[in-house]
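Down below is the structure, laid out as structure tokens.
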Amino acid sequence: MKVLILGIDGYIGFPLALRLLDRGYEVSGADNFYTRNRVRKVGSKSAIKINSFSTRNKKLNNAIQFYRGDVSNSKFVYDIIRDAKPDAIVHLAEQRSAPYSMISLKTAIETLDKNIESTMNIIYAVKDLNKDIHIVKLGSMGEYGTPNIDIPEGFLNVSYNGRSDNLPFPRMGQSWYHLSKIFDTYGLMLAERIWNMNVSDVMQGVVYGTRTPEISKYKLFTRFDIDQVYGTVLNRFISQAVIGYPLTVYGKGNQKRAFLSLEDSVECLNLIIDHPPEREYRVYNQFDEYYPLNYLAETVKNQYKSLYNRDISIDHVPNPRVELEDHYYNPVNENLRKIGYKRQRSLDDEVPVMIKDVRRNMNTVYSLKNVIKPATNWR
Numbered sequence: 107m108k109v110l111i112l113g114i115d116g117y118i119g120f121p122l123a124l125r126l127l128d129r130g131y132e133v134s135g136a137d138n139f140y141t142r143n144r145v146r147k148v149g150s151k152s153a154i155k156i157n158s159f160s161t162r163n164k165k166l167n168n169a170i171q172f173y174r175g176d177v178s179n180s181k182f183v184y185d186i187i188r189d190a191k192p193d194a195i196v197h198l199a200e201q202r203s204a205p206y207s208m209i210s211l212k213t214a215i216e217t218l219d220k221n222i223e224s225t226m227n228i229i230y231a232v233k234d235l236n237k238d239i240h241i242v243k244l245g246s247m248g249e250y251g252t253p254n255i256d257i258p259e260g261f262l263n264v265s266y267n268g269r270s271d272n273l274p275f276p277r278m279g280q281s282w283y284h285l286s287k288i289f290d291t292y293g294l295m296l297a298e299r300i301w302n303m304n305v306s307d308v309m310q311g312v313v314y315g316t317r318t319p320e321i322s323k324y325k326l327f328t329r330f331d332i333d334q335v336y337g338t339v340l341n342r343f344i345s346q347a348v349i350g351y352p353l354t355v356y357g358k359g360n361q362k363r364a365f366l367s368l369e370d371s372v373e374c375l376n377l378i379i380d381h382p383p384e385r386e387y388r389v390y391n392q393f394d395e396y397y398p399l400n401y402l403a404e405t406v407k408n409q410y411k412s413l414y415n416r417d418i419s420i421d422h423v424p425n426p427r428v429e430l431e432d433h434y435y436n437p438v439n440e441n442l443r444k445i446g447y448k449r450q451r452s453l454d455d456e457v458p459v460m461i462k463d464v465r466r467n468m469n470t471v472y473s474l475k476n477v478i479k480p481a482t483n484w485r
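Each residue of the sequence shown is one higher than the one before, starting from 107 at the first, in this note's numbering.
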């Protein structure tokens, strides 16, 4: 199978490429290295050193057919699809940070424009060139928000005034980034309805971890961001623990989020690639478990104490986001289990590995200590 990964230089894109190459897929990829540039602009970098993409690819004997360019450029998208002739396209090439989208008018518009344009370009290129291509689009569990009912996979049976229908589940994203993802969702839904396309829309939870078997095998790490703009909550907690800083929990810390390990994210995407829908729009809620932020902080604190016999404190800081801090949260993920998903790595498995990998880069983490605390305020 030929797979084209858009955003192949990213945190998930590169480990996915390694997994597919090892399993005999023909892999091509595109990137313009915007994430590397954007992270530098907020005064940060990957806490775990990563090589340039060309160096990585050389170590793989240039096994990846690489295209450098911007997927918000329609000509570029058409050209690479014509050249690569993929069976599946995995779209990971979007501005991926909610805080970045909330910095200013400029970053909000950049996020909306780039993300929406890239998805529309893919939709039209596939429609015009080969409607058999399977589009695997990475969305976000954050699209749903925190409704006071269970979260199904994309659609909900609704009864109103004596009539019933199966309708898209309401989206209540809480940033311009999530709004761009919501537009992608409705765009893909409409495209399938009009042109009978093959679409898997992946509502992914927060991904954590530093390794997959292939990363260890090739000794080629993926990026690990810890700053308040691009670093995920668990990355920030682990980095703070490593340098002896208090773990900064936003607000009460009762906010619940869906999570899965990097290993499980890559395996899920591989499973989804291998199970294309037939002229259907299919939604996957891609997560393993959901936890409140306080649980994550306590897990990091306890694991660090167990490894190094050192106490770490936890601080609750004013929440820079506008979100419910006490809420119901119960998403389902039945579709993944139907195609064979089984957890490979738990939170307790992964946190000690992450701590050890980050400690090996302690000097870099110290140099970034001032960009971990929240500075982007939703209000």
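Ideal Cβ placement from N, Cα and C applies to all residues, glycine included.
Just so we're clear, the structure is a prediction, and the values are computed from it rather than from any experiment.
- Per DSSP, reduced to three states, the secondary structure at F261 is strand.
- The way I'd put it, the stretch 282-297 doesn't touch the stretch 455-464; fewer than three beta-carbon pairs between them come closer than 8 Å.
- Boundaries of the beta strand (DSSP E) harbouring D137: 132-137, taken from the DSSP string.
- By the Cβ test, the stretch 142-151 is not in contact with the stretch 296-313, since fewer than three Cβ pairs between them sit closer than 8 Å.
- Within its own chain, the residues whose Cβ lies closer than 8 Å to the Cβ of V428, once the five positions on either side in sequence are excluded, are Q280, W484, R485, listed in chain order.
- Of all alpha-carbon atoms in K448, N227, E404, the one lying nearest the alpha-carbon of V177 is that of N227.
- In the structure shown, L368 falls within a helical segment according to DSSP collapsed to helix, strand and coil.
- Taking each of P458, A136, A347 in turn and checking the Cα distance to S367, the smallest one comes out for P458.
- For H422 and K151, the gap between their C-alpha atoms comes out near 25 Å.
- Shown here for C374: same chain residues with a beta carbon closer than 7 Å to its own, the five before and five after excluded, namely Q392, L442, Y447 in chain order.
- Less than 9 Å divides the Cβ of A347 from the Cβ of K407.
- Cβ contact annotation for D128 (same chain, cutoff 7 Å, sequence separation greater than five): E320, in chain order.
- Below 8 Å, too few C-beta pairs join the stretch 227-239 and the stretch 255-274 to call them touching: fewer than three.
- When beta bridges are read from the DSSP output, G311 appears opposite no residue.
- Bridge pairing for S419: absent [DSSP].
- Look at the beta carbons and you see the stretch 209-219 not touching the stretch 247-267: under three pairs across the two are nearer than 8 Å.
- CA-CA distance, I378 to R388, rounds to 10 Å.
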